[in-house]
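Undergrad: Chains as they are written, first to last, in the working numbering: chain A, 1 to 228; chain C, 1001 to 1228; chain Z, 2001 to 2228; chain Y, 3001 to 3228; chain D, 4001 to 4228; chain G, 5001 to 5228; chain L, 6001 to 6228; chain V, 7001 to 7228. The beta carbon of each residue, even a glycine, is placed where N, CA and C say it ideally should be. Attaching a single structure in structure tokens format; questions to follow.
Protein chains: 8
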Amino acid sequence: MSWDAAPFVYDDPDKAHRILYEALMTVHLHEGDLPGDLDLGPVVAVDSETMGLRHNRDDLCVVQLSSGDGDAHVVRLKRPAYDCPNLKRVLADGNVLKLFHFGRFDIAMFENHLGVETRPVYCTKIASKLARTYTDRHGLKDVVRELAGVELSKAQQSSDWGAEVLSPEQLTYAASDVLHLHVVRDRLDTMLAREGRTELAQACFDFLPVRARLDLQGWEDADIFAHT
Amino acid sequence: MSWDAAPFVYDDPDKAHRILYEALMTVHLHEGDLPGDLDLGPVVAVDSETMGLRHNRDDLCVVQLSSGDGDAHVVRLKRPAYDCPNLKRVLADGNVLKLFHFGRFDIAMFENHLGVETRPVYCTKIASKLARTYTDRHGLKDVVRELAGVELSKAQQSSDWGAEVLSPEQLTYAASDVLHLHVVRDRLDTMLAREGRTELAQACFDFLPVRARLDLQGWEDADIFAHT
Amino acid sequence: MSWDAAPFVYDDPDKAHRILYEALMTVHLHEGDLPGDLDLGPVVAVDSETMGLRHNRDDLCVVQLSSGDGDAHVVRLKRPAYDCPNLKRVLADGNVLKLFHFGRFDIAMFENHLGVETRPVYCTKIASKLARTYTDRHGLKDVVRELAGVELSKAQQSSDWGAEVLSPEQLTYAASDVLHLHVVRDRLDTMLAREGRTELAQACFDFLPVRARLDLQGWEDADIFAHT
Amino acid sequence: MSWDAAPFVYDDPDKAHRILYEALMTVHLHEGDLPGDLDLGPVVAVDSETMGLRHNRDDLCVVQLSSGDGDAHVVRLKRPAYDCPNLKRVLADGNVLKLFHFGRFDIAMFENHLGVETRPVYCTKIASKLARTYTDRHGLKDVVRELAGVELSKAQQSSDWGAEVLSPEQLTYAASDVLHLHVVRDRLDTMLAREGRTELAQACFDFLPVRARLDLQGWEDADIFAHT
Amino acid sequence: MSWDAAPFVYDDPDKAHRILYEALMTVHLHEGDLPGDLDLGPVVAVDSETMGLRHNRDDLCVVQLSSGDGDAHVVRLKRPAYDCPNLKRVLADGNVLKLFHFGRFDIAMFENHLGVETRPVYCTKIASKLARTYTDRHGLKDVVRELAGVELSKAQQSSDWGAEVLSPEQLTYAASDVLHLHVVRDRLDTMLAREGRTELAQACFDFLPVRARLDLQGWEDADIFAHT
Amino acid sequence: MSWDAAPFVYDDPDKAHRILYEALMTVHLHEGDLPGDLDLGPVVAVDSETMGLRHNRDDLCVVQLSSGDGDAHVVRLKRPAYDCPNLKRVLADGNVLKLFHFGRFDIAMFENHLGVETRPVYCTKIASKLARTYTDRHGLKDVVRELAGVELSKAQQSSDWGAEVLSPEQLTYAASDVLHLHVVRDRLDTMLAREGRTELAQACFDFLPVRARLDLQGWEDADIFAHT
Amino acid sequence: MSWDAAPFVYDDPDKAHRILYEALMTVHLHEGDLPGDLDLGPVVAVDSETMGLRHNRDDLCVVQLSSGDGDAHVVRLKRPAYDCPNLKRVLADGNVLKLFHFGRFDIAMFENHLGVETRPVYCTKIASKLARTYTDRHGLKDVVRELAGVELSKAQQSSDWGAEVLSPEQLTYAASDVLHLHVVRDRLDTMLAREGRTELAQACFDFLPVRARLDLQGWEDADIFAHT
Amino acid sequence: MSWDAAPFVYDDPDKAHRILYEALMTVHLHEGDLPGDLDLGPVVAVDSETMGLRHNRDDLCVVQLSSGDGDAHVVRLKRPAYDCPNLKRVLADGNVLKLFHFGRFDIAMFENHLGVETRPVYCTKIASKLARTYTDRHGLKDVVRELAGVELSKAQQSSDWGAEVLSPEQLTYAASDVLHLHVVRDRLDTMLAREGRTELAQACFDFLPVRARLDLQGWEDADIFAHT
């Protein structure tokens, strides 16, 4: 099932001189797995929706992906089997860079429920912390507003992603979280290079799967590098 | 200047069945740099003393090293020149594993004042957090007491390491912090292997120099991987 | 005295595709006690209004009940006599399930002022905590909005329920708190079953009257099961 | 392996008029499981030692039991198989009351690692909270000091219970935690009866296995009955 | 100088059935002192405006009074002389009850700057705490909204009351704070009587001047009756 | 039953120049009530022991009194009848000043369990707060140490005062709390007069029974005079 | 490049009697340095924009100045060379008073990146704390609203000031921060004089460059004058 | 009245190699004022004792001075007249440097009660914060222990300094606080010079009287230089 959603509303009147992002996004809903013949290219934006934030309790429900072309692929997983070889192949593919915003959570979820180690990865939250030193607001909504000029709705963020049928509002919300990560990454990479922090960011991305594994194994509340 | 210090007092009467660590340690004081002909072997315990905990304010004063044979080499550095090529060579030597307890601080100090990247490293504090899950006490004093059976004195921990002449109490304290790290590492490696966490610990050690660089570059108060 | 209140306004424009709940509710006001011949069926939603939240100080003023048919029965109690045998009979009836939202408070109030033990009970707040793991918002307003699609007004929540004459706003507010609990319970039961937590929820409901008694007897600030 | 430990030292000089508890305890160490022919009677004190406090990370290592006759049986479990049918039978035996101090933790550990539901249970910490209203100190050490007149050492509380060989200090510590629970329960039962709280305590004990299950299933940080 | 201000706007649309308080208030501005021939009757509402909240630093600037007839008398004091015998006479008059909202502050200010002990007094904040147990909102704005049905503006609360010329907004704000205290007191007295707390409230009012003196003498941060 | 206890040990070696308080105290234990013919004079030190600190849960168990002559009268009350007319007469006698340390608690207990209003009263804790401005330590132990030169033991403070038989340690502890209040009051009165705060202290003492009543009626957690 | 910005919108309808500040401001953008022939007079308002708030990490990007005539000069600096002799001359000129709001930050930035000590200075935040004792809101937005009657927008406060091209919104925001400081200072000086605090304020301004140097040298988190 | 006190006990066994400070101090007690003919030289250590820490409530009682020769002059002031011209002359003498530890408090007390501005001053607490960056312990006891090798007793710190007769313990305590400040200053000056912070420290000392005046005038809780 695929459909075209309304264009994003550009809601900040102070930024009227910018060019509005007018293209329609297309949302593709896949039940159980990605299609086997779908090629999302070398850089894929990824996000997921779950029953909650606790790894040892809350199931993985939905995974969203986008190649950065304005389309979003929303995969509704069948739990507890999680039989989705195509999705797992993309996540584990060493030649495909996965773009996340706060990937720590998703990567741990994927390892826990899908049994795959997600590598290589890029995290726009970490990149934002290293590049956007002029603010302490690094949520997806803030980052996308400033760097992509798009206002995301978060109304469906906490909803029942384990329901038998997902509502259009849920699907649109899920899709929107991956649509802009490519643009955001481009902007952040420019800033990181300008400030001389590209290498530092890459080293953090490389450690991210380890950090996710620490979460899964019981150190989710600890900063393992902290003094106390 | 070298001398023999008194044997460590084993102060816990409840542990009377353990074998007391009786050997005398020998402390070697070096002014300015390590001797050029000193070979400390492939695994060197390292610690340092500074004017304080702030990288951008407090100078590095003393570096202590031990090969694990009961001798400690205490190097009193000449600031602000820090002309100590032999010491720097050991720290940067990719074939010499440097053992620290909370190496994050020392590594950042070495990068900041000596201009060297310290690699490869092992941190007994991180190892303790991963292995000794039954406690939240991972200070050097706690770890050495339990794993090496030795009671360290911390009386000189906060003293004037920038003084023209260091007191015998300061030198003994400085030396004692590196004497037992080899034993502690052996015990922790056994526990990590038993619990299946060797690989996880290694991945954390590998990231430690990056974490130290983040400290130096202005993220010392932030857990870069945290959600907020 | 009975009257028809206005239909609930469905105030979330983003959910325009849902079917609006159009039926009028009818509010029945009873002075002192329920009518003796009123049969509310095997599952009764119950709520109460008081002079405040302190059991040993604040009187019980109003009890509201609904059989789930859209009608609400609001009983204005005569304090301090609380001579209301019909109401007490319903609360203590072992064959009538009482639905509450945060029943812990009401059950304690009923034991304290009416001298009845309310059993069996169902608490939509506890059920929500066990089923809606994707959120930490389990207030009645939040639960009813998501699960019944109705926006409750809380404007009269803190008002003088001990007044000689209750205002229409107070009566409407009181009635609205019991009208939707049947629908909410249905939704939560479906979710609990889906996640395999039906038995766990039932065990918590069974303990609820004990928890209320602990409140009355002086452990209102303590989690009796906590470590500290 | 069994041996006699030293009598407990009664260390409070202010209580010199009390009768010192002089009997020697005998500690029996069992590898892997309880002996099949050991009958511990209808009321068994139980405690356990683990690799830490996190259910989803830390293994169960040791279970201690006592029939209240001054002997302690310390079972060192073989993980991860946990093949100990005799121990499991005692824990699950509906005709044997298990005495714990803060049983919530042990019961969850047993369900998680041994796969048994421990019932019926009695918890001296809960009983102490309900009876000893004159204090907020309900740790085992405090309760045993006041009600059994014995001073427990807690020096080995945080030690490596997963070690291949447990030290005599560890075994003595483990044994001491179950030796006095029968006496403590007697004293607490007298006080609960005097204050009219026997029934209330029993209702709390009955809920304890549910509370432990909530811990295991992901609500370990929540008071499920709390308002927020 | 006197003038008529606009009628209060009744801004809560939900309360449309209530009767709007339409009468105009008249504000009388007095420079330096009350007129000598003004008789405000046996019950006078009083409030004051100052340079801040610290008794030992911030001057008293304005005192407002009302007899409850809809008129407000605003006295702009000349500091540091505070030569205002008529005002002082009213405050100290044992036959005139002074109505305050949080009188503790004003009474201390009057003692500090005017040298008078204000007695007898009534405090609508204390009365509200004792009567309106169903809320924890006892600010003047909250109390006046609920009990007098009037919405007060607080926009000028923090403004420069020591200015040479007070703005119309400041004068209107100052006046509005005393206009409704008589009505509020009537409502609160009814509630206190209904709940049997009239005597308790009176005892608190009687202590209020002592509490104000404790503030002045250096115990402003302490609850003198607290355990710690 | 009466007996002589050991003289108080003066345990501060730094104060060796002070004269040791050598007189023996005599403790009189009365079951149920004071003797009818006991005259304790116009100023009586009073303290009590309870099952805990919650008025609505914890029973009053023991009341201690002293006329200041070195004797202590310990009354063990029979609950729940509390049939003790002689004790109640002393407490309610308007011609007998009752000395307390933190009398707020005892006065509320007496009103709650004995049904008497205790007046007039003097509180050494309040007096200490007003006179000893050079410290924030106003516990009985601190006040008695400094002003009476006696070191009180607090070891029995939290013990089972509801037990059938009180231990000698409990009785000695209970007695010691009233033995020194007369001396302490004399010292504090001298200091209050020197600092000009006698009247302020008296006004606080007069309010104390009201403050106790507020505790009983449900405002135990609130400072009724606070802004928030 | 210079242009005229829109007049400031006066957005507070309650202040309709004040005269609207209608004059257009003119913004002059200078790349790299101030023009050599620009004379800003004896009192210059100064503000700056940076990559963040950490002196040892975040670069200085923009400095804004105004002589108080309604024009703003925005200097976009070339980092890391910071070759701007004209700007440095103004900052270091002992005959030019620099007006800041929270100058502590800017002065430290100038010393760190430009190598100049900025003297003499005036800080409207410190002056506001000393004069406006009736409020705790001393942000630039609050101060300018009350004292200049102008509503500043803070929307661009956290934006990428290191970008190659600054947006018109950024330039307008930067300019607006210096336009009103002369008016604000006049108002504050009047209030300081009225309250007798002119000398105290001047002494604080004189210390401000020292306070900035303490920030740079590592005491940025400490109040050097605090007890702890 | 003068007498010789016992030599200071050197209580740290670890420092046995240091030379014990054996000289006897002589304490001179002066009633009301310093003798007119006493010349304490160009650098005088000063401390004071008060009725407490609140400037607007607690009286100044005792001032201690020492020229650094081992003698201490303790002046017991007559309040409230504070007629002590000789003492005031020393404090205000621009040619006599006054050494304090946390002089902020004493300077404010002197201005408040004696009406003198104390200048010039040196504060060993501020100097310690700037020099001893390796610790956060800057209390007099800590500083004197490390830098003078003397262990001060703090037992009389909180005692009744307003008493008619001061005890020998109080006098000895008061005297000891000024005996070692000259030595401490010498050590700190050496460290400040070594670290290049002499000028910074002097600028802080110069501001100290202003900081004290801010305390007196109502900003005692505020860091006037803080952002918030």
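1. Check Thr3242 (chain Y) in the structure and name its three-state DSSP category.
2. Residues in the same chain with beta-carbon distance under 6 Å from Asp59 (chain A), minus the five sequence neighbours each way, listed in chain order, please.
3. Just the C-alpha distance for Tyr21 (chain A) and Glu6169 (chain L), rounded to the nearest angstrom, thanks.
4. Relative to the alpha-carbon of Thr2228 (chain Z), which residue among Y:His3138, Y:Lys3088, Y:Pro3035, Y:Thr3124 has its alpha-carbon at the smallest distance?
5. Residues of the region 134-160 of chain A with a CB closer than 8 Å to any CB of chain C: list them in chain order, please.
6. Could you give the uninterrupted runs of the alpha helix (DSSP H) lying entirely in the region 7075-7133 of chain V, keeping only those of 4 residues or more?
7. Could you please give the first and the last residue of the uninterrupted alpha helix (DSSP H) stretch that includes Thr1190 (chain C)?
8. Quick test of your reading: His3101 (chain Y) and Asp3071 (chain Y), contact by CB under 8 Å. State the CB separation rounded to the nearest angstrom.
9. Just list the residues that DSSP pairs Ala6045 (chain L) with in beta bridges.
10. Kindly list the residues whose CB is nearer than 7 Å to the CB of Asn5115 (chain G), restricted to its own chain and excluding five residues on each side of it in sequence; keep chain order.
11. In three-state DSSP terms, what is Leu6060 (chain L)?
12. Using a Cβ-Cβ cut-off of less than 8 Å, list which residues of the region 4171-4198 of chain D approach chain Z; keep chain order.
13. Would you call Asp3069 (chain Y) buried or exposed, if buried means 16 or more other Cβ atoms sit within 10 Å of its Cβ?
14. For Leu4214 (chain D), does the three-state DSSP call read helix, strand or coil?
15. Quick check: the Cα distance between Tyr7082 (chain V) and Lys7088 (chain V), rounded to an integer number of angstroms?
16. Just tell me which of V:Cys7123, V:Ser7158, V:Arg7185 has its CA closest to the CA of Glu7146 (chain V).
17. Output the distance between the C-alpha atoms of Val1062 (chain C) and Leu5188 (chain G), rounded to the nearest integer angstrom.
18. With respect to the alpha helix (DSSP H) encompassing Leu1147 (chain C), which residues constitute its N-terminal and C-terminal limits?
19. Using 8 Å for Cβ pairs, my map puts Val1046 (chain C) next to Asp1106 (chain C). What's the rounded Cβ distance?
20. Measure the CB-CB distance between Ala1201 (chain C) and Leu1192 (chain C) and report whether it falls below 7 Å.
21. Note the first and the last residue of the continuous beta strand (DSSP E) segment covering Val6165 (chain L).
22. Which residues of chain Z have a Cβ atom closer than 8 Å to the Cβ of Ile3224 (chain Y), listed in chain order?
23. Considering only residues of the same chain and omitting the five flanking positions on each side of Pro2042 (chain Z), which have a CB-CB separation below 8 Å?
24. Chain V partners of Asn4112 (chain D), CB-CB under 9 Å?
25. Use the C-beta contact count for Ala4209 (chain D): other C-beta atoms within 10 angstroms, 16 or more gives buried, fewer gives exposed.
26. Terminal residues of the continuous beta strand (DSSP E) containing Ser6031 (chain L)?
27. Can you tell me which of D:His4030, D:Leu4181, D:Ser4159 puts its alpha carbon nearest to the alpha carbon of Ala6131 (chain L)?
28. Roughly how many angstroms separate the alpha carbons of Ser128 (chain A) and Tyr122 (chain A), rounded to a whole number?
29. Look at the alpha carbon of Thr6198 (chain L) and the alpha carbon of Tyr173 (chain A), and state the distance between them as a whole number of angstroms.
TA: On the basis of the coordinates in this document:
1. Residue 3242 (chain Y) lies beyond the stretch modelled for chain Y, which goes from 3001 to 3228, so this question has no answer here.
2. Met51, Arg79
3. In this prediction, Tyr21 (chain A) scores a pLDDT of 40, lower than 50, which makes its location untrustworthy; the coordinate-derived value is nonetheless stated afterwards. C-alpha separation (whole angstroms): 20 Å.
4. Y:His3138
5. none
6. 7085-7092, 7103-7109, 7124-7131
7. If you look at Thr1190 (chain C), you'll find it in the alpha helix (DSSP H) that goes 1181-1195.
8. Contact flag wrong, Cβ pair sits at about 18 Å.
9. L:Ser6066, L:Leu6099
10. At residue 5115 (chain G) the sequence reads Gly, which differs from the Asn that was named. None.
11. strand
12. Met4191, Arg4194, Glu4195
13. exposed
14. helix
15. So the two alpha carbons sit approximately 10 Å from each other.
16. Comparing Cα positions, the closest option is V:Arg7185.
17. 57 Å
18. Per DSSP, Leu1147 (chain C) belongs to the alpha helix (DSSP H) from 1140-1148.
19. 7 Å
20. Closer than 7 Å, so yes.
21. Membership of Val6165 (chain L) in any beta strand (DSSP E) is not indicated, and neither H nor E is assigned to it by DSSP.
22. Ile2126, Lys2129, Leu2130, Cys2204
23. Asn2095, Val2096, Leu2097
24. Neighbours of Asn4112 (chain D) on chain V: none; closest Cβ ~11 Å, over 9 Å.
25. Per the sequence shown, the amino acid found at residue 4209 (chain D) is Pro instead of Ala. That one is buried.
26. Before going on, a small fix: residue 6031 (chain L) reads as Glu here, not Ser. That run of the beta strand (DSSP E) goes 6026-6031.
27. D:Ser4159
28. 11 Å
29. Distance between the alpha carbons of Thr6198 (chain L) and Tyr173 (chain A): 58 Å.
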